[in-house]
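A.B. asks: Pasting a structure below so you can have a look.
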Amino acid sequence: MDWLRQIPMGQFVDGREGWLRRLDARLKLAWSLVFLLTPVLAGPLWRVALVLGLLLLTLSCGMPSRIWWRSLLVLTLLALAVGTLSMLLPAADPAAALGLRDPQELPDALSQGPSWVVFELGPLSVDRASLLLGLRTSTLIFTVIHSINLVLISTPPEDLVWALSWWFAPLSRLGLPMERLGFQLLLALRFLPLVQEELQNLLRSLASRAVNLRRLGFKASFGLVLAVGERLLANILLRAEQGADALVARGGMVSGPAGFRLPEEQPAPLLNALAVLSLLAVLGLRTRYGAM
C-alpha cells in the first residue's frame with residue numbers, strides 16, 4: 003500500500019543525477035510557461051510537437067527513470083482516456099431538421115457542412131471537430147501536468163519560491179508583500195508531503211484491517227469512505243495547527259525566500275545559456291508554425 007510514495011507527483015526528489023537539476027530555477031519557470039501558454043490558440047501540429055518535445059526532454063533529462071516513469075504512465079493513460087471520451091462525445095450541435103434555404107442555393111463549400119465523419123461505430127461517430135477536440139484535450143492535459151511535475155520533482159521548494167519571487171520582484175514596488183507571499187507559498191509546498199503521508203497512513207490502516215468493500219455493501223462502503231475523508235481532514239487540520247503553533251513559538255518571524263535558498267554547488271552557465279537560446283528558438287517557431 004505504498005504506491006503513493008512510488009509516484010512522486012508534485013514533490014521534490016533529492017538527488018544529483020541529471021542536468022535538469024542543475025538548470026536555473028528561473029529558467030525552469032520560463033520553460034514551464036512555454037508549455038502552459040503556447041498551446042493556447044495553437045494548431046494540432048504544435049500541440050503534438052509539444053508532447054513529443056516534452057517526452058524527449060523527460061527521456062534525456064538524466065534523472066533516474068524510477069522517479070518519473072510511473073507518473074508518466076498514469077498521466078498518459080489519463081490523457082488518452084479523456085481524449086477518447088472527448089472524441090466520442092458530440093462536439094457540435096446537430097444539423098437543423100428543417101432547412102431554411104434550398105441546398106442548391108448554397109455554395110459547394112457551405113453545403114458540405116463544417117466537418118466530415120472520420121468513422122462510425124454504432125451510435126458513436128467521430129468527425130473532424132470531435133477529433134480535434136480530443137487531440138486538444140489530451141495534449142493539453144499531458145503538457146500542463148507533466149511539465150509542472152518535472153519542475154517540481156527536480157527543483158527544491160526553496161529554489162522554486164525564490165525564482166517566483168525574483169520574477170515578481172517588480173510588484174513589491176507597488177506595495178505587495180512579496181516576502182510574506184513567498185513564505186506562505188513555501189509553507190504550502192512543504193505541507194503537501196504531509197497530506198500525502200496522512201492519506202498513505204489511512205490507506206495502510208484499511209489494508210491492515212482487510213476491509214472488503216464488496217461485502218459491506220453500498221451504504222456501509224459509502225459511510226466508510228466518508229469516515230476516512232473526515233479523518234483525513236481532521237489529521238490535516240491538526241498538522242496545520244501544529245505548524246502554526248511552531249511558527250508562533252519561534253516569534254512568527256517571516257523570512258524572505260532568499261534566506262532559505264541553498265547555494266548552488268555546481269553552477270552551469272553554459273547550460274543556462276543553451277536553455278535561453280532554446281527558449282527563444284521555441285518562441286520563434288511558435289510564431290511561425292504554431293498558428294491554428
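Under the working numbering, the first residue of the sequence shown carries the number 3, and numbering increases by one thereafter.
Just so you know, even glycine gets a beta-carbon here, dropped at the ideal spot from N, CA and C.
Please read these numbers as outputs of a predicted model, since none were measured by experiment.
1) For Met11 and Gly17, I'd like the C-alpha separation in whole angstroms.
2) I need the straight-line Cα distance from Trp70 to Pro271, nearest angstrom please.
3) Can you give me the C-alpha to C-alpha distance between Leu162 and Ala131, rounded to a whole angstrom?
4) Rounded to whole angstroms, what is the Cα-Cα separation between Leu77 and Ser174?
5) Is the CB-CB distance between Leu22 and Gly64 below 8 Å?
6) Tell me which same chain residues have a C-beta within less than 7 Å of the C-beta of Ala111, skipping the five on either side of it?
7) Look at the Cβ atom of Pro159, then the Cβ atom of Arg192, and state whether they are nearer than 8 Å.
8) I think Leu52 touches Thr141, with their Cβ atoms under 8 Å apart; what is that distance to the nearest whole Å?
9) With DSSP run on the structure shown, which of helix, strand or coil describes Ser88?
10) Is Ser88 near Thr139, with beta carbons less than 8 Å apart?
11) To which residues of the same chain is Pro66 closer than 7 Å at the C-beta, ignoring the five residues directly before and after it?
12) Applying the 10 Å Cβ sphere with the 16-neighbour rule, what's the burial state of Gly136?
13) Let me know if Val278 comes out buried or exposed under the rule of 16 or more other beta-carbons within 10 Å of its beta-carbon.
14) Between Asn274 and Leu29, is the Cβ-Cβ spacing less than 8 Å?
15) Applying the criterion that 16 or more other CB atoms from any shown protein chain within 10 Å of the CB defines a buried residue, is Asp129 buried or exposed?
16) Can you check which of these residues, Leu201, Ser34 and Arg206, is closest to Leu235 by C-alpha distance?
17) By how many angstroms is the C-alpha of Ile150 removed from the C-alpha of Ala32?
18) Would you kindly work out how many angstroms separate the C-alpha atoms of Lys221 and Ser210, rounded to a whole number?
19) If we call anything under 8 Å between Cβ atoms a contact, is Gln13 one with Leu154?
20) So which of Val230, Ile238 and Leu178 has the shortest CA-CA distance to Ala190?
21) Counting only the same chain and skipping the five closest in sequence on each side, list residues whose C-beta sits under 8 Å from that of Leu281.
22) Assign Asp247 to buried or exposed, taking buried as 16 or more other Cβ atoms, counted over all protein chains shown, within 10 Å of its Cβ.
C.D. replies: Let's see:
1) One-based indexing of the sequence shown puts residue 11 at position 9. One-based indexing of the sequence shown puts residue 17 at position 15. Answer to the nearest angstrom: the Cα atoms are 16 Å apart.
2) Working through the sequence shown from its first residue, we reach residue 70 at position 68. Working through the sequence shown from its first residue, we reach residue 271 at position 269. Each residue's CA atom was taken as its position, placing Trp70 and Pro271 some 26 Å apart.
3) Taking the sequence shown and counting its residues from 1, one reaches residue 162 at position 160. Taking the sequence shown and counting its residues from 1, one reaches residue 131 at position 129. Our two residues, Leu162 and Ala131, have alpha carbons roughly 39 Å apart in a direct line.
4) Translated into positions along the sequence shown, residue 77 becomes position 75. Translated into positions along the sequence shown, residue 174 becomes position 172. Answer to the nearest angstrom: the Cα atoms are 37 Å apart.
5) Here residue 22 refers to the residue found at position 20 of the sequence shown. Here residue 64 refers to the residue found at position 62 of the sequence shown. In contact: Leu22 and Gly64 (Cβ atoms closer than 8 Å).
6) As a first step, residue 111 must be located in the sequence shown, where it is residue number 109. Note that Ala111 scores 42 on pLDDT, short of 50, meaning its location in the model is unreliable; the coordinates nonetheless yield the value given after this. Excluding sequence neighbours, Ala111 sits near nothing in its chain.
7) On the sequence shown, residue 159 is found 157 positions in, with the first residue counted as 1. On the sequence shown, residue 192 is found 190 positions in, with the first residue counted as 1. The Cβ atoms of Pro159 and Arg192 lie closer than 8 Å to each other.
8) By 1-based counting over the sequence shown, the position of residue 52 is 50. By 1-based counting over the sequence shown, the position of residue 141 is 139. Here Leu52 really is in contact with Thr141; their C-beta atoms are around 7 Å apart, less than 8 Å.
9) In the sequence shown, the residue the question calls residue 88 occupies position 86. Three-state result, Ser88: helix.
10) Position 86 of the sequence shown holds residue 88. Position 137 of the sequence shown holds residue 139. Yes, the pair counts as a contact, with Cβ atoms nearer than the cut-off.
11) Counting from 1 along the sequence shown, the entry for residue 66 is found at position 64. Answer for Pro66: Glu19, listed in chain order.
12) Counted from its first residue, the sequence shown places residue 136 at position 134. For Gly136, the number of other beta carbons within 10 angstroms of its own is at least 16, and it is reported as buried.
13) Residue numbering aside, residue 278 sits at position 276 when the sequence shown is read from its first letter. Looking at its Cβ environment, which holds fewer than 16 other Cβ atoms inside 10 Å, Val278 is exposed.
14) Position 272 of the sequence shown, counting from 1, holds the residue named residue 274. Position 27 of the sequence shown, counting from 1, holds the residue named residue 29. Yes, they are a contact pair.
15) As a working mapping, residue 129 is identified with position 127 in the sequence shown. Its Cβ being crowded by 16 or more others within 10 Å, Asp129 is buried.
16) As a first step, residue 235 is located in the sequence shown; it is residue number 233 there, counting from the start. For Leu235, the closest alpha carbon among the candidates Leu201, Ser34 and Arg206 is that of Leu201.
17) Counting from 1 along the sequence shown, the entry for residue 32 is found at position 30. Counting from 1 along the sequence shown, the entry for residue 150 is found at position 148. Going by the C-alpha atoms only, they are around 11 Å apart.
18) Mapped onto the sequence shown, residue 221 falls at position 219. Mapped onto the sequence shown, residue 210 falls at position 208. One Cα belongs to Lys221, the other to Ser210, and the distance between them is close to 22 Å.
19) On the sequence shown, position 11 is the one that residue 13 refers to. On the sequence shown, position 152 is the one that residue 154 refers to. Closer than 8 Å, so yes.
20) Position 188 of the sequence shown, counted from the start, is the residue given in the question as residue 190. With distances taken between Cα atoms, Ala190 lies closest to Ile238.
21) On the sequence shown, position 279 is the one that residue 281 refers to. Same-chain partners within the cutoff: Leu29, Ala32, Trp33 and Val36.
22) On the sequence shown, position 245 is the one that residue 247 refers to. In the assembly as shown, Asp247 is an exposed residue. Its beta-carbon has fewer than 16 other beta-carbons within 10 Å.
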